[in-house]
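Chemist: Input: one structure, supplied below.
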Amino acid sequence: MFFRQVWTIMAKDLHSELRTKEAWNASIAFSVVILLLFAFAFDPSSDQIREFGSGLLWMTYAFAGALVLNRSFARELQNDCLDALIASPVSSPALFVGKALANFAMLFAVELFSLPVFGLFYNTWPPRFAPLLLVMVLGTWALTIIGTLFSALTVNLRLRELMLPTLVYPMMIPVLIAAMTVTTNILAGTAMGFGVRFLVAFDIIFTTLAVVFVDTVLVG
Amino acid sequence: MNALEISDVWKYYGDFPALRAVGLNIEPGSTLALLGRNGAGKTTLLRIIAGLSRPSRGTVKIQGADAREQSTRQRIGVLGHGIALYDELSAIENLTLFGRLYGLPDPRKRADEMLERVGLARVRDGLAREFSRGMRQRLAVGRAFLHDPEVLLLDEPFTALDDRAIAVLQSMIQSMRDRGRTIIMSTHQLREALELASHVALLQRGQIVHTGERMQEMLDDTGWLYRTYGDN
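Protein chains in written order, with numbering that gives the first Met the number 0: chain Y, 0 to 219; chain H, 0 to 231.
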């Protein structure tokens, strides 16, 4: 029952997004523009790219993510759909996990699209793709889980587009530092280090906390 | 067992008590018209019954179970102020989605039946955003009745409905009544509500000031209830 509800919510969100492309178009355009502007503004050498490339990449993902996450619960406000979901037999954790998975899929797709753009403009390709994908999955899930929870928390606020980044980015700092450190190591071709274990622990702890508290967040 | 038991329910918004010691028991098969002026607390009470908000104090039991229990929500249908439909989905997709969320055995088939019932079968693949206001309202009625709820909560159900939507809604409420379902509706449209209601509750400034069976006097003179039990 839980997984069927999760699947239904996730499929609904992805289906709606595929039809409107609101978050997708905005976040893709944002990612490409940022990567392009930095490439022309600094014209970095390959050594410089190894130093700040991962930072640029994760900053782009974090800001593009805000565009995706802002829409997550906000799209439920239209016509009071959120009330209908909360009044339905869907459990709050299933609603949350379904939305988080849809957000993850959208953000990960944006990242996969941006990665070759980064490689092209900065002439940098990671020596190994599997570790990079692993850190992208772990880092993106961490960004998604925090963002989705705060999207639910701020959904009824008048200035939610402003409040969400204000609340979310401080929470994301540890994740971004860990993801940047690991990505720098991957681009340099060295061992991934402690960051991966930190990301795994962060994902587990914050997913558990979010699932436990989401009913309180949604119903009060 | 009562269909609905509300005991000593208080709801505060900050320091302001929107509901004050509300107590109400509703027998299965009753149709209750929840009446009151703007700001009396009707919507707040309905939201608490629907599990959309928690009371600050007191309890709400639906068929003996907590309103937020999953099995309880399975048995409740809610038609609120908003139509609760996704504009970017078609009529059939909207109803199938809610059919899935309510765990119906064949959501697509049930959605098709409901579209037929509300007179939208012809436009089943049309996007909700392309519908006229009346069509959207009929679709919303179809969504609320889709899973054949045992307890139906209607918040101002006749407000802003066109003639056809009112006819559809009245016929569906009548059908629910005939099958012994419990209906609670808050409304300003006294005549429509009182014609359907078996019981009446009057809310005033967050308190229930009268509950009882609907009487002929109420139908004959819609102001009688307020004059007799209300402030004016």
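Where is the CB? At the ideal position from N, CA and C, for every residue including glycine.
In chain Y, what lies closer than 8 angstroms to H/S170 by C-beta?
Modeler: Neighbours of H/S170 on chain Y: none; closest Cβ ~22 angstroms, over 8 angstroms.
Chemist: What residue ranges within the segment 154-203 of chain Y form continuous alpha helix (DSSP H) runs of no fewer than 4 residues, ordered along the chain?
Modeler: 159-187
Chemist: Which residues in the same chain as H/M171 place their Cβ atom closer than 6 angstroms to its Cβ, once the five residues preceding and following it in sequence are excluded?
Modeler: F144
Chemist: Give the residues of chain Y in contact with H/Q69, contact being defined as C-beta atoms less than 7 angstroms apart.
Modeler: P88 and S90
Chemist: The alpha helix (DSSP H) that contains Y/Y60, what's its start and end?
Modeler: S45 to A73
Chemist: With 16 other CB atoms within 10 Å as the buried threshold, where does Y/S90 fall?
Modeler: Looking at its Cβ environment, which holds 16 or more other Cβ atoms inside 10 Å, Y/S90 is buried.
Chemist: Relative to the C-alpha of H/D177, which residue among H/G28, H/G79, H/S131 and H/Q136 is closest?
Modeler: Considering only alpha carbons, the answer is H/G28.
Chemist: Is the CB of Y/R77 under 8 angstroms away from at least one CB in chain H?
Modeler: Per the sequence shown, the amino acid found at residue 77 of chain Y is Gln instead of Arg. Under the 8 angstroms criterion on CB atoms, Y/Q77 is classed as interfacial with respect to chain H.
Chemist: Give me the DSSP bridge partner(s) of H/K60.
Modeler: H/E4 and H/D65
Chemist: In this structure, what does DSSP give as the bridge partners for H/I25?
Modeler: Looking at the DSSP assignment, H/I25 forms a beta bridge with H/L3.
Chemist: Nearest by alpha-carbon distance to H/V8: which of H/G229, H/M217, H/I207 and H/D230 is it?
Modeler: H/I207
Chemist: Can you tell me whether DSSP reads H/R72 as helix, strand or coil?
Modeler: helix
Chemist: Whole angstroms are fine: how far does the CA of Y/F201 sit from the CA of H/E191?
Modeler: 56 angstroms
Chemist: To the nearest angstrom, how far is the alpha carbon of Y/L142 from that of Y/V213?
Modeler: 16 angstroms
Chemist: Starting from the beta carbon of H/S131, find every residue of chain Y whose beta carbon is closer than 9 angstroms, and list them in chain order.
Modeler: Under the 9 angstroms cutoff, chain Y gives no residues; its nearest Cβ is about 15 angstroms from H/S131.
Chemist: Scan the segment 47-65 of chain H for residues whose Cβ lies nearer than 7 angstroms to a Cβ of chain Y and list them as they occur along the chain.
Modeler: A49, G50, L51, S52 and R53
Chemist: Inspect the CB distances between the segment 35-43 of chain Y and the segment 157-174 of chain Y and report whether three or more fall short of 8 angstroms.
Modeler: Segments in contact, no.
Chemist: Can you tell which of Y/L131, Y/M105 and Y/G52 has the C-alpha that lies nearest to the C-alpha of Y/L66?
Modeler: Distances from the CA of Y/L66 to each of Y/L131, Y/M105 and Y/G52 were compared; the closest alpha carbon is that of Y/M105.
Chemist: Consult DSSP for H/A200 and reduce its assignment to one of helix, strand or coil.
Modeler: strand
Chemist: Assign H/T30 to one of two classes, buried (16 or more other C-beta atoms within 10 Å of its C-beta) or exposed (fewer than that).
Modeler: The residue in question, H/T30, is buried, as its Cβ has 16 or more Cβ neighbours within 10 Å.
Chemist: Looking at the strands, I want to know which residues DSSP matches up with H/W9.
Modeler: H/R56
Chemist: Under 8 angstroms: do the segment 49-57 of chain H and the segment 158-169 of chain H share three or more Cβ pairs, one atom per stretch?
Modeler: Because the criterion of three Cβ pairs below 8 angstroms is not met, the segment 49-57 of chain H and the segment 158-169 of chain H do not touch.
Chemist: Name the chain H residues whose beta carbon is nearer than 7 angstroms to that of Y/K11?
Modeler: L96
Chemist: List the residues of chain Y that H/L88 touches, going by C-beta distances under 9 angstroms, in chain order.
Modeler: K11, H14, S15 and R18
Chemist: Name the DSSP bridge partner or partners of H/D154?
Modeler: H/S185
Chemist: Compare the Cα-Cα distances from Y/W140 to each of Y/P115, Y/T215, Y/P88 and Y/V199 and report the closest residue.
Modeler: From the listed residues Y/P115, Y/T215, Y/P88 and Y/V199, the smallest Cα separation to Y/W140 is found for Y/V199.
Chemist: Residues in the segment 40-57 of chain Y with C-beta within 9 angstroms of chain H's C-beta atoms, listed in sequence order?
Modeler: none
Chemist: Apply the 10 Å Cβ neighbour rule to H/I48 and answer buried if 16 or more other Cβ atoms are within range, or exposed otherwise.
Modeler: H/I48 is buried by the Cβ-count criterion.
Chemist: Give me the subset of the segment 112-132 of chain H whose CB atoms are less than 9 angstroms from a CB atom of chain Y, sorted by chain position.
Modeler: L126 and A127
Chemist: Taking DSSP as the reference, what is the three-state secondary structure of H/T30?
Modeler: strand
Chemist: Mind listing which residues of the segment 74-86 of chain H have their C-beta closer than 7 angstroms to chain Y's C-betas, in chain order?
Modeler: I75, V77, G79, H80, G81, I82, A83, L84, Y85 and D86
Chemist: For chain H, find out if any of its Cβ atoms is closer than 8 angstroms to the Cβ of Y/I85; answer yes or no.
Modeler: yes
Chemist: Do you know whose CA, among H/M113, H/G57, H/L126 and H/E149, lies nearest H/I75's CA?
Modeler: H/E149
Chemist: Taking only beta-carbon positions, decide if Y/V218 is within less than 8 angstroms of chain C.
Modeler: Reference to chain C is not applicable here, since the protein chains of this structure are Y and H.
Chemist: Sort Y/L158, Y/Y60, Y/F62 and Y/V96 by Cα distance to Y/F2 and report the nearest one.
Modeler: Closest option to Y/F2, judged by alpha-carbon separation, among Y/L158, Y/Y60, Y/F62 and Y/V96: Y/V96.
Chemist: How would you write the range of the beta strand (DSSP E) that H/H209 sits in, first residue to last?
Modeler: Q206 to E212
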